[in-house]
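A.B. asks: Below are the structure tokens for one structure; questions will follow.
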Amino acid sequence: MDNAEIADRLDAFAAVLELGDANPYTIRAYRRAAETVRDSAVPVAELVAAGRGRELRGIGAGIEGRLRELVATGQIAELAELERDLVPDLVGLGRYLGLSAQRVIDIARALDVHSAGELREAAAAGRLREVPGIGPKTEAQIASALARETEARSPQGVWLNRAWDLVGGIARDLDAEPAGDVRRWCDSCHQLAVVRAASRPDAVLARFAELPQIVAVIEHGERHAVGVTVDGVPVELTVPEPSWFGTALMRATGSPDYLAALKPLPAGPNEDAVYAALGVPWCPPELREAPFCGEPPPLVEVEQIRGDLHCHTTWSDGRVSVAEMARAARARGYEYLAICDHTPAVGAVQGLTPDDVRRQGEEIAAVNAELSPFRVLRGIECDILPDGRLDLPDDVLAELDWVQASVHGGQRMPGAEMTKRVEEALRHPAVRCLSHPTGRLINRRPENALDLERIFDVARAQGVALEVNGLPARLDLSGEHVRDALRAGVPIVCSTDAHSPAGLDNITLAIATARRGWATAADVLNTRPLEALVGCDRRPAGEHSGRPWGASHGAAASREGHRERRAVGDRGQRKCGNADQRSMSWRVRVLVG
Ligand SMILES: [Zn+2]
Ligand SMILES: [Zn+2]
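Count along the sequence shown starting at 1, add 5, and that's the number in the numbering used here.
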């Protein structure tokens with residue numbers, strides 16, 4: 006067995022565990038193990054046979070046992086059994102139609118059907134009403150859902166990280182290009198698509214149907230197919246002639262509104278050729294939402310980020326120590342990392358008391374002594390209490406390098422009250438950034454009733470930045486709100502809110518979201534060197550003659566920033582803001598230690 010085959014079986018095991026509604030951590034562990042095995046440079050079968058399976062990252066005793074069985078016998082017995090019982094293709098189709106796994110299994114048993122195709126035939130033959138508990142109304146609902154099943158759209162939407170795992174994995178296995186909503190980095194993905202060029206499409210289509218991620222193919226075409234995953238998410242594969250690849254990729258990427266405003270797409274082997282034939286500059290996928298034919302601005306890149314300003318450690322609900330988080334950040338090439346653990350009012354997890362904050366400060370000082378010139382910042386994610394006060398005394402907050410203010414409890418407050426609460430916190434002199442400003446949880450909880458326009462005004466006047474939180478469930482601010490914030494002259498910070506070293510990877514999601522809001526490096530505070538960020542006062546303009554935040558990283562960079570802004574303003578894409586006129590100031594002070 007080679008690594009790819011082993012990885013496929015582990016992925017399949019994760020999929021059936023998911024069907025059986027197993028513990029999400031176990032499911033994730035199997036997915037990670039599959040990834041590790043796939044990427045491993047050594048033959049994993051040999052390693053496992055030699056009893057050294059646990060030397061692989063993320064392989065614990067449980068998974069090692071499965072690997073031994075797989076290598077010794079060529080299969081995982083429990084997987085085979087679960088696959089027989091759970092009929093993943095039926096469950097996938099059922100979930101796609103809006104039925105729970107249990108419900109679809111009950112229906113399949115009652116009708117004695119064993120595949121998605123048989124279920125469809127039974128429904129067409131009017132046999133659904135034979136199932137106990139299915140009346141004419143439910144039958145009609147299922148029949149109409151089956152009739153519209155060719156729409157490759159997930160009604161409930163998938164978080165961006167999961168969508169990337171899925172689409173990225175399928176694209177890798179088919180040597181295809183990810184397209185659809187993930188390529189535009191939508192915060193909730195409905196349209197999952199990949200595109201693969203081939204003169205003869207049959208082999209690609211066949212391979213697609215065999216992928217462990219795809220449990221049933223619900224639509225077959227000559228050059229396309231729609232498959233569903235075990236969670237019922239449809240994925241569309243397009244296999245154009247190589248001379249049409251660029252055209253097909255643009256179509257599959259969308260958005261429909263963006264494409265509709267372009268002239269009919271000419272044939273092209275890649276996107277550059279298609280855009281050139283249209284006479285339109287190439288457009289980053291993140292900006293392909295509303296119609297746009299202009300020259301795109303130089304959007305911020307992950308490589309421009311110099312540090313993460315929001316993460317957790319075992320002092321609150323993080324999984325590793327200050328030192329481990331700091332080493333992980335340094336290994337990414339960062340220059341700094343702010344440790345922002347919770348305060349007591351957060352409730353569900355432990356929060357830091359003033360005494361804890363000072364003890365953590367000593368630990369941070371020790372880590373800084375070891376890792377210098379890398380710098381760990383003493384930060385906090387301080388709860389904003391219902392009355393707008395902060396959850397730590399002023400003298401403690403004043404000691405810190407970086408204070409994030411957050412609303413956690415009481416999100417259902419009426420708009421006026423909530424806005425006043427957050428405004429009050431922004432006026433506190435220690436606060437540098439507002440975390441996950443709208444409090445939304447994608448597909449779970451709507452934004453709170455905050456008056457964002459008002460908050461942008463206060464943030465600008467107070468010199469407080471707004472966060473683009475990279476947690477896949479949050480992505481808060483959203484791209485749209487980022488654009489509004491930048492128009493209002495408020496800088497943003499792209500952070501991950503990481504609770505483990507792996508969580509730092511979510512910087513990609515934070516940056517993509519900022520890019521969807523047309524952010525350039527000049528708009529993102531943590532593209533700047535440390536001395537431009539910390540140890541400087543934030544003051545409303547006029548209080549002193551400090552340097553504007555936009556000019557803090559050298560004259561050349563500043564000129565560059567102005568040019569970008571002017572160029573963007575000329576195209577009418579963003580209200581032009583000269584950094585010198587902004588009412589925000591950051592006074593630079595030499596740092597000690
Ligand atoms: Zn938070
Ligand atoms: Zn946090």
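Don't be surprised by glycine CBs; every beta carbon is placed ideally from N, CA and C.
Here the structure is a predicted model, which means the values were calculated and not measured.
Output the distance between the C-alpha atoms of Q409 and L395, rounded to the nearest integer angstrom.
C.D. replies: Near 11 Å, if we compare the C-alpha coordinates of L395 and Q409.
A.B. asks: Hey, out of I81, A77 and E40, whose CA is closest to I64's CA?
C.D. replies: With distances taken between Cα atoms, I64 lies closest to E40.
A.B. asks: Roughly how many whole angstroms lie between the Cα atoms of D392 and A113?
C.D. replies: Using only the alpha carbons, I get a separation of about 55 Å.
A.B. asks: I'd like to know if the region 310 to 317 and the region 484 to 501 are in contact, where contact means that at least 3 CB-CB pairs between them fall below 8 Å.
C.D. replies: With a cut-off of 8 Å, the region 484 to 501 and the region 310 to 317 count as touching, because enough Cβ pairs lie within range.
A.B. asks: What residue range does the alpha helix (DSSP H) around A493 cover?
C.D. replies: Segment: none, A493 is in no alpha helix (DSSP H) and carries neither H nor E.
A.B. asks: Looking at A127 and V5, is the spacing between their C-beta atoms short of 7 Å?
C.D. replies: Past the boundaries of the shown model lies residue 5; the chain is included only from 6 to 598, so the question cannot be answered.
A.B. asks: Just to confirm my understanding: we take D406, look at its own chain, exclude 5 residues before and 5 after, and list those with CB closer than 8 Å. What are they?
C.D. replies: Cβ within range, chain order: A343, L382, R383, G384, V539 and G540.
A.B. asks: Ignore the nearest five residues each way along the sequence and tell me which others in L171's own chain have a CB closer than 8 Å to its CB.
C.D. replies: Within the same chain, L171 has close Cβ partners V163, L197, Q218, T234, V238 and V240.
A.B. asks: Pull the bridge partners of V436 from the DSSP assignment, please.
C.D. replies: The partner list for V436 (beta bridge, DSSP) reads V408.
A.B. asks: Return the residue from the list G356, L52 and A12 that minimises the CA-CA distance to A35.
C.D. replies: Before going on, a small fix: residue 35 reads as Tyr here, not Ala. When each option's Cα is compared against that of Y35, the closest is A12.
A.B. asks: Determine the direct distance from the alpha carbon of A50 to that of E88, and round the result to whole angstroms.
C.D. replies: Rounded to whole angstroms, E88 to A50 spans 23 Å at the Cα level.
A.B. asks: I need the straight-line Cα distance from L491 to E458, nearest angstrom please.
C.D. replies: Each residue's Cα considered, the two are about 11 Å apart.
A.B. asks: With distance defined between alpha-carbon atoms, name the residue in P286, W249, E156 and E368 nearest to P271.
C.D. replies: With distances taken between Cα atoms, P271 lies closest to W249.
A.B. asks: Y35 lies in the alpha helix (DSSP H); which residues open and close that run?
C.D. replies: Segment P29 to D44, the alpha helix (DSSP H) holding Y35.
A.B. asks: For A604 versus V199, is the C-beta spacing smaller than 7 Å?
C.D. replies: Nothing about residue 604 can be read from this structure; the chain reaches only from 6 to 598.
A.B. asks: Please report the distance separating the alpha-carbon of G516 from that of L75.
C.D. replies: One point to set straight first is that residue 516 is Ile, not Gly, in the sequence displayed. Rounded to whole angstroms, I516 to L75 spans 40 Å at the Cα level.
A.B. asks: CB of D502 to nearest heavy atom of ligand 2: below 6 Å?
C.D. replies: True, at least one ligand heavy atom lies under 6 Å from that Cβ.
A.B. asks: Around the C-beta of R571, are 16 or more other C-beta atoms found within 10 angstroms, so that it is buried, or is it exposed?
C.D. replies: Note that R571 has pLDDT 30, beneath the 50 cutoff, so the model's placement of it is unreliable and no number is given.
A.B. asks: Looking at C-alpha atoms only, which residue of D399, A328, P349 and D360 is the closest neighbour of F379?
C.D. replies: For the residues D399, A328, P349 and D360, the minimum Cα distance to F379 belongs to A328.
A.B. asks: For a quick check, are the C-beta atoms of V362 and V401 less than 7 Å apart?
C.D. replies: Yes, they are a contact pair.
A.B. asks: Counting along the chain, where does the beta strand (DSSP E) carrying A221 start and finish?
C.D. replies: That run of the beta strand (DSSP E) goes A221 to H225.
A.B. asks: Can you tell which of R189, D7 and R59 has the C-alpha that lies nearest to the C-alpha of G484?
C.D. replies: Nearest option by C-alpha distance: R189.
A.B. asks: Distance check for I68 and L476, CA to CA, integer angstroms please.
C.D. replies: Approximately 27 Å, taken between the alpha carbons.
A.B. asks: Roughly how far, in whole angstroms, is the beta-carbon of R521 from the beta-carbon of E291, given that I think they are within contact range, below 8 Å?
C.D. replies: Indeed they touch by this definition, with Cβ atoms about 5 Å apart.
A.B. asks: Can you tell me which of P274, G131, V469 and V231 puts its alpha carbon nearest to the alpha carbon of P247?
C.D. replies: Checking every option, the nearest Cα to that of P247 belongs to P274.
A.B. asks: Pick helix, strand or coil for G366, following the three-state DSSP scheme.
C.D. replies: Reduced to three states, the DSSP call for G366 is helix.
A.B. asks: For S440, verify whether its CB is less than 6 Å away from any heavy atom of ligand 1.
C.D. replies: Checking the Cβ of S440 against ligand 1 gives yes.
A.B. asks: By DSSP's criteria, V529 is part of a beta bridge. Which residues make up the other side?
C.D. replies: DSSP output for V529 lists I497 as bridge partner(s).
A.B. asks: Runs of 4 residues minimum, wholly inside the region 447 to 522: which ones carry the alpha helix (DSSP H) assignment?
C.D. replies: 457 to 467, 484 to 492 and 512 to 521, all fully within the region 447 to 522.
A.B. asks: Using alpha carbons as the reference points, say which of A507, A421, L24 and A336 lies closest to A106.
C.D. replies: Of the listed residues, the one whose Cα sits closest to A106 is L24.
A.B. asks: Quick check on DSSP: helix, strand or coil for R383?
C.D. replies: R383 falls in the strand class under three-state DSSP.
A.B. asks: For ligand 1, is there a heavy atom less than 6 Å away from the beta-carbon of S411?
C.D. replies: Yes, the Cβ of S411 comes within 6 Å of a heavy atom of ligand 1.
A.B. asks: Could you check if Y30 is buried or exposed, using at least 16 other CB atoms within 10 Å of its CB as the buried criterion?
C.D. replies: With fewer than 16 other Cβ atoms within 10 Å, it is exposed.
A.B. asks: Using only alpha-carbon positions, find the residue among S377, E224, V351 and R205 that is nearest to D388.
C.D. replies: Of the listed residues, the one whose Cα sits closest to D388 is V351.
A.B. asks: Going by the C-beta, is E386 closer than 6 Å to any heavy atom of ligand 2?
C.D. replies: Yes, since a heavy atom of ligand 2 falls inside the 6 Å radius drawn around the Cβ of E386.
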